[in-house]
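Below you'll find the structure, written out as structure tokens, and then a few comments.
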Amino acid sequence: MAPIVSRPLLPLAPHLKQAVASYQRQEPLGFGQVMAPVMVRADYSNGEWSMPELVPYQGLTLDPACKSLHYGQQVFEGMKAFALETGEGALFRPQMNLARLNDSAARMAMPAVPSELFMQSLESLVWHLQPMIPRGPNESLYLRPLMLATDVGLSLKPSTSYVFLVIASPSGGYFAAGKVTALIERRDCRAAPGGTGAYKVAGNYGAGIRADIKATQRGCQQTLWLDAVHKSYIEEFSGMNFFAVVDGELCTPSVSDSVLRGVTRDSVIQLARGRNIPVAEKPLHIDELLAAIKRGLCAEMFACGTAAVITPVDALAEIDGTTYEVPPSTPSSLSLILRDQLMAMQTGRQVAPDGWLHRVGHT
Ligand code: COI
249 MAPIVSRPLL PLAPHLKQAV ASYQRQEPLG FGQVMAPVMV RADYSNGEWS MPELVPYQGL
309 TLDPACKSLH YGQQVFEGMK AFALETGEGA LFRPQMNLAR LNDSAARMAM PAVPSELFMQ
369 SLESLVWHLQ PMIPRGPNES LYLRPLMLAT DVGLSLKPST SYVFLVIASP SGGYFAAGKV
429 TALIERRDCR AAPGGTGAYK VAGNYGAGIR ADIKATQRGC QQTLWLDAVH KSYIEEFSGM
489 NFFAVVDGEL CTPSVSDSVL RGVTRDSVIQ LARGRNIPVA EKPLHIDELL AAIKRGLCAE
549 MFACGTAAVI TPVDALAEID GTTYEVPPST PSSLSLILRD QLMAMQTGRQ VAPDGWLHRV
609 GHT
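Heads up: the sequence shown begins at 249 in this note's numbering, then just goes up one per residue.
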């Protein structure tokens with residue numbers, strides 16, 4: 249059967265086809281725990297990218313003095329492929345991930361990944377890994393494109409060679425079932441103006457881990473980050489964008505150079521506006537939000553991102569144990585309505601706006 253894609257697919261070696269065919273799902277699936285036996289690889293040197301290839305998933309040989317290990321020239325994306333009822337696989341808004349990957353690369357003085365290389369890699373991986381796309385509720389094939397610098401040498405200079413990879417992981421939901429409480433981080437900062445917070449750069453996430461450990465020790469599942477200048481304005485969670493429904497308005501921090509331009513964030517805004525729900529992208533002062541919660545004006549909070557989809561957040565907490573709870577979510581909560589709509593679009597059960605669902609399937 250011919251795939252519905254506009255470019256040739258990369259070939260998969262027979263032994264790798266066999267490895268995919270013999271995949272046995274593990275229980276519980278978890279998130280990002282199981283890796284597909286195939287990945288994409290392309291190399292950049294002398295100003296050019298090689299043709300991407302489907303290769304066995306295996307360790308990389310990196311020189312201990314390579315620049316990505318020392319100076320963090322590394323960028324990545326988070327994407328998902330979904331199983332449609334027709335049996336096809338589908339990507340969700342892949343052009344947005346490509347654009348953001350290249351914005352991240354530009355910020356880190358790395359080369360752009362050409363659209364053809366990116367799309368051919370993703371389509372080929374999804375086509376060949378179709379038997380590994382899980383079909384349960386909240387399940388998908390999580391895809392991680394990444395690029396890292398491979399020049400050897402300890403001088404602080406941009407690398408001239410890079411490797412681009414796409415790895416894949418059959419995955420379930422990001423959060424374990426149960427309440428989600430986020431600890432407000434009042435000491436560390438995740439991102440500063442002019443820095444890399446708006447990009448998918450490994451260092452942003454690494455800089456948040458210490459606070460995440462503290463949050464876990466306090467019984468919280470997430471960290472809520474404030475801006476670096478005033479330590480007052482909400483920016484995002486460690487790996488997701490922030491939304492709250494305050495006084496009937498869906499509010500989210502405006503994007504800035506320290507807030508990620510989330511693909512799910514953008515989808516949530518479009519879906520909410522499509523329902524005539526007022527949406528405000530604006531600076532959100534933490535004190536004002538806490539006051540709104542205390543006065544019962546904040547009906548909901550949620551986190552959204554590729555991995556997290558849309559996850560209700562039940563409470564915010566301070567380090568001294570004070571908590572601010574919003575009413576428990578119900579099937580009529582906006583977060584759950586939008587989540588159902590988004591997931592129905594991602595799996596082809598509901599028509600999505602033009603260009604959102606990118607089918608990689610059988611004719
Ligand atoms: C994603 O949502 O795809 C991310 O990259 C966030 C990560 C913390 C899982």
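Glycine is no exception: its CB is placed at the ideal position from the N, C-alpha and C atoms.
Just so you know, these numbers come straight off a predicted model, no measurement behind them.
Please list the terminal residues of the continuous beta strand (DSSP E) segment that includes residue i.
i: Tyr572; result: 571 to 573
i: Ile613; result: As shown, the chain starts at 249 and ends at 611. That puts residue 613 outside it, with no answer to give.
i: Pro560; result: 557 to 560
i: Ala592; result: Where Ala592 is concerned, there is no enclosing beta strand (DSSP E), although the alpha helix (DSSP H) it sits in stretches over 582 to 594.
i: Leu564; result: 563 to 565
i: Met327; result: 327 to 331
i: Ala338; result: 337 to 340
i: Ile482; result: 482 to 485
Looking only at DSSP bridge pairs, what is residue i linked to?
i: Glu536; result: Beta-bridge pairing links Glu536 to no other residue.
i: Thr500; result: Glu529
i: Phe279; result: Its beta-bridge partners do not exist; DSSP assigns none.
i: Met549; result: Ala492
i: Thr471; result: Leu431
i: Gln322; result: Leu396
i: Val507; result: Ser504
i: Leu605; result: Phe340
Can you tell me which of the three DSSP states residue i falls into?
i: Pro262; result: helix
i: Gln368; result: helix
i: Lys427; result: coil
i: Thr512; result: helix
i: Met249; result: Below a pLDDT of 50, predicted positions are generally treated as unreliable, and Met249, at 47, falls in that range; the measurement from the model is reported next regardless. Of the three classes helix, strand and coil, the one that applies to Met249 here is coil, per DSSP.
i: Thr611; result: For Thr611, the predicted structure reports a pLDDT of 49, less than 50, and the residue's modelled location is therefore unreliable. A value from the coordinates is still provided. It is coil, neither helix nor strand.
i: Leu257; result: coil
i: Ala357; result: coil
i: Val268; result: helix
i: Ile517; result: helix
i: Leu377; result: coil
i: Arg273; result: coil
i: Asp351; result: helix
i: Arg597; result: coil
i: Asn345; result: helix
i: Ser577; result: coil
i: Lys616; result: Absent from the model: residue 616. The displayed extent of the chain is 249 to 611, so no value can be given.
i: Gly522; result: helix
If distances are taken between C-alpha atoms only, which option among the options comes closest to residue i?
i: Asp351; options: Leu431, Arg607, Lys448; result: Lys448
i: Gly544; options: Gly496, Gln598, Pro276, Ala600; result: Gly496
i: Glu536; options: Leu264, Gly421, Gly326, Tyr572; result: Tyr572
i: Phe330; options: Pro385, Tyr292, Met356, Ser293; result: Pro385
i: Ser583; options: Thr595, Leu431, Pro560, Met593; result: Pro560
i: Gly431; options: Met591, Pro379, Ala565; result: The amino acid occupying residue 431 in the given sequence is Leu; Gly does not appear at that position. Checking every option, the nearest Cα to that of Leu431 belongs to Ala565.
i: Tyr453; options: Leu260, Asp588, Gly320; result: Gly320
i: Val516; options: Leu538, Val493, Ser504; result: Val493
i: Gly456; options: Gly442, Leu474, Gly467; result: Leu474
i: Cys499; options: Tyr390, Ala551, Ser486, Gln469; result: Ala551
i: Val361; options: Ser372, Arg355, Ala347, Gly326; result: Ala347
i: Ala600; options: Leu370, Arg513, Ile461, Leu519; result: Leu519
i: Phe412; options: Arg458, Phe490, Ser363; result: Ser363
i: Asn294; options: Pro276, Pro382, Gly335, Ser407; result: Ser407
i: Phe423; options: Phe279, Ile525, Ala397; result: Phe279
i: Trp375; options: Asn345, Ala416, Met344; result: Ala416
i: Phe485; options: Thr334, Ile558, Ser403; result: Ile558
i: Gly569; options: Ile525, Cys546, Pro531, Lys462; result: Lys462
i: Val511; options: Gln470, Met549, Gly553; result: Gly553
i: Glu275; options: Leu365, Pro579, Arg587, Ser419; result: Ser419
i: Cys468; options: Arg434, Met488, Val477, Lys427; result: Lys427
i: Pro487; options: Glu387, Ala556, His533, Gln465; result: For the record, residue 487 in the displayed sequence is Gly; it is not Pro. Nearest of Glu387, Ala556, His533, Gln465 to Gly487, Cα basis: Ala556.
i: Ala290; options: Met283, Ser298, Ala284; result: Ser298
i: Arg392; options: Thr309, Thr429, Val288; result: Val288
i: Glu301; options: Pro342, Glu371, Glu325, Ala313; result: Glu371
i: Pro259; options: Val286, Val282, Leu277; result: Val286
i: Arg255; options: Ser369, Met593, Met549; result: Ser369
i: Cys437; options: Thr464, Ser581, Gly421, Thr471; result: Thr471
Handout entry: Complete beta strand (DSSP E) runs within the stretch 281 to 318 (minimum length 3 residues, chain order)
Key = Listed in chain order, the beta strand (DSSP E) runs fully inside the stretch 281 to 318 are 286 to 293, 301 to 304, counting runs of at least 3 residues.
Problem - 4-residue-minimum alpha helix (DSSP H) runs that sit fully inside the stretch 386 to 459, ordered along the chain - result: 450 to 454, all fully within the stretch 386 to 459.
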